[in-house]
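One structure below.
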Amino acid sequence: MTLDLDNMTQTEFDKLMTKIKDRNQNLFQFIIDFLDDKVTPEEVYDFLKMERSYQVNYIKNYKARA
């Protein structure tokens with residue numbers, strides 16, 4: 010399933026973020042840290058280039074940034 014974030018309402022987006030937060034707190038924190046400029050676009054790009062198993066391990070061990 011591919012999400013079309015450009016055509017998503019704010020309510021749909023909020024529900025999606027709540028779902029992510031409930032299912033995987035570390036992934037949610039990674040997204041929040043990116044939105045708060047604590048994770049750079051380059052870091053996200055590097056994350057997206059990783060193999061799936063490395064992505065899972067990265068998120069599993071992710072800690073919130075100060």
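Be aware that the sequence shown starts at 10, since it is given in the working numbering, and climbs by one per residue.
Beta carbons are placed, not taken as given, at the ideal position from N, Cα and C, and that holds for glycine.
Bear in mind that the values here come from a model prediction, so they are computed numbers and not experimental data.
Three-state class that DSSP yields for residue i in the structure shown
{"i": "T20", "result": "helix"}
{"i": "K47", "result": "coil"}
{"i": "M26", "result": "helix"}
{"i": "Y54", "result": "helix"}
{"i": "R74", "result": "coil"}
{"i": "L14", "result": "helix"}
{"i": "N35", "result": "helix"}
CB contact below 8 Å: residue i versus chain B
{"i": "P50", "result": "Within the model displayed, chain B is absent; a lone protein chain is all it includes."}
Quick check: the region 53–71 against the region 28–39, are at least 3 beta-carbon pairs closer than 8 Å?
yes
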